[in-house]
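*Asks:* Going by numbering that gives the first Met the number 0, the final residue of the sequence shown carries number 288, and the count climbs one at a time with no gaps.
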Amino acid sequence: MRNHLRMADLIPAMEKALIDFSAGKVTQPVRSIITVDPPGGFFGMMPALTPEGLGIKIVTFYATNAERGIPTHMATIFLVDPETGAPLAVMDGTLITEMRTAAVSAAATKLLASSSVKVLGILGSGVQARSHVEALRLVRNFEEIRVWSRTAEHAERFAKEIGAKAMPAEDAVRGADVVVTATNSKTAVLKGSWLKPGCHVNAVGACRPDWRELDDETMANVVFVDSREAAMKESGDIILSGAEIYAELGKALAGKVPSRANETTVFKSLGMAVEDIAAALLVYRSATS
């Protein structure tokens, strides 16, 4: 998978996928979830028909896997020929999930963050945090990266890997031009009072209707989502704060609404099947060319 998927190719592919989705060119039901309790896991089904492909991602999320030393998120993607219904490929979806999420945040950052950003603050130290550093460095030049994690040892290790500094969450965020929240937290880890006016936030955790990463003050800024319908059903940050959604990111990327990039912006990312299908098609075409 790593031999066939490049972040530099993935970012424009995600931009197109988001634009197609918001233009109504994609058939995509909101993710269907089965709760597996005990041990408290989730089994998600994410189908989509896009202008370029047809398929489904099956994804699991088990937070307790972190204690076992195995990924908390695992996934498989099944691609089908939309002309005949014939199976084309079954592939690992874990790496795709990791990379496409960061690529979408990079697309948001490219559009919504100032071109003169200098400081990146990351709350989280897992695979999503690592992938976001790779992706965001392709769209902005950061002079400083700051890291916080609930486990100080993880924050220090991650910071050392990427040439960053580990510090308390508030210190990591204050003065940062771009902020990423990529945690498994069920309660808010980011306070709006910490945010620099005009900064941009990419929020990729808290994918359940009763989970939060962002407090109400953060959500009072200009809020973009990947899917308005999904956000109103799945995002605790949106639902519990009563936040007003300004626009889907795809509409802003297409120039259908102003980006409001000079204001403090929040991109609440939940992840969509259209993104997974677009990424899987990049892999499939590379592998079969």
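For each residue, glycine too, the CB sits at the ideal point set by N, CA and C.
(1) Buried or exposed: K250, going by 16 or more other Cβ atoms within 10 Å of its Cβ?
(2) Comparing alpha-carbon positions, which option in I95, L252, L248, G54 lies nearest A278?
(3) Unbroken alpha helix (DSSP H) runs of length 4 or more, entirely within the region 76 to 153: which are they?
(4) Do the region 140 to 151 and the region 162 to 182 touch if we need at least three Cβ pairs shorter than 8 Å?
(5) Okay, do the region 204 to 211 and the region 100 to 120 touch, 3+ Cβ pairs below 8 Å being the bar?
(6) DSSP puts H72 in a beta bridge; with which residues?
(7) What distance in whole Å lies between the Cβ atoms of E212 and L194, which are believed to be in contact at a cut-off of 8 Å?
(8) Starting from E212 and walking both ways along the beta strand (DSSP E), at which residues does that stretch end?
(9) Look at the Cβ atom of L281, then the Cβ atom of A12, and state whether they are nearer than 8 Å.
(10) Rounded to the nearest angstrom, how far is the Cβ of V177 from that of H199, given a contact under 8 Å?
(11) So if DSSP puts E247 in a beta bridge, which residue, or which two residues, is it bridged to?
(12) Is it a yes or a no for the region 230 to 237 touching the region 6 to 23, going by three-plus beta-carbon pairs under 8 Å?
(13) Do the CB positions of G92 and D275 come within less than 8 Å of each other?
(14) If you reduce the DSSP assignment to three classes, tell me which class M218 lands in.
(15) Rounding to the nearest angstrom, what Cα-Cα distance links D80 and G52 in this structure?
(16) From A229, K164, A202, pick the residue whose C-alpha is nearest to that of M218; which is it?
*Replies:* The relevant details are as follows:
(1) Along the sequence shown, one-based indexing puts residue 250 at 251. Buried, since its Cβ has 16 or more Cβ neighbours within 10 Å.
(2) For the purposes of this step, residue 278 is taken as the residue at position 279 of the sequence shown. Of the listed residues, the one whose Cα sits closest to A278 is I95.
(3) Within the region 76 to 153, the complete alpha helix (DSSP H) runs of at least 4 residues are 93 to 111, 126 to 135.
(4) yes
(5) no
(6) Taking the sequence shown and counting its residues from 1, the one referred to as residue 72 is at position 73. BP columns for H72 point to F60.
(7) Here residue 194 refers to the residue found at position 195 of the sequence shown. Here residue 212 refers to the residue found at position 213 of the sequence shown. Contact doesn't hold; Cβ gap of about 13 Å is too wide.
(8) For the purposes of this step, residue 212 is identified with residue 213 of the sequence shown, where counting begins at 1. From DSSP, E212 is part of no beta strand (DSSP E); its letter is neither H nor E.
(9) Taking the first residue of the sequence shown as position 1, residue 281 is located at position 282. Taking the first residue of the sequence shown as position 1, residue 12 is located at position 13. For L281 and A12, yes; Cβs fall inside 8 Å.
(10) For the purposes of this step, residue 177 is taken as the residue at position 178 of the sequence shown. For the purposes of this step, residue 199 is taken as the residue at position 200 of the sequence shown. Sure, about 5 Å apart at Cβ, within 8 Å.
(11) Working through the sequence shown from its first residue, we reach residue 247 at position 248. According to DSSP, which records beta bridges pairwise, E247 is partnered with V224.
(12) no
(13) Within the sequence shown, residue 92 is the residue found at index 93, counting from 1. Within the sequence shown, residue 275 is the residue found at index 276, counting from 1. Closer than 8 Å, so yes.
(14) The count along the sequence shown starts at 1 and reaches residue 218 at position 219. If DSSP states are grouped into helix, strand and coil, M218 belongs with the helices.
(15) The residue you call residue 80 lines up with position 81 of the sequence shown. The residue you call residue 52 lines up with position 53 of the sequence shown. Roughly 7 Å separates the two Cα atoms.
(16) Numbered from 1 along the sequence shown, position 219 holds the residue referred to as residue 218. The shortest Cα separation from M218 among A229, K164, A202 belongs to A202.
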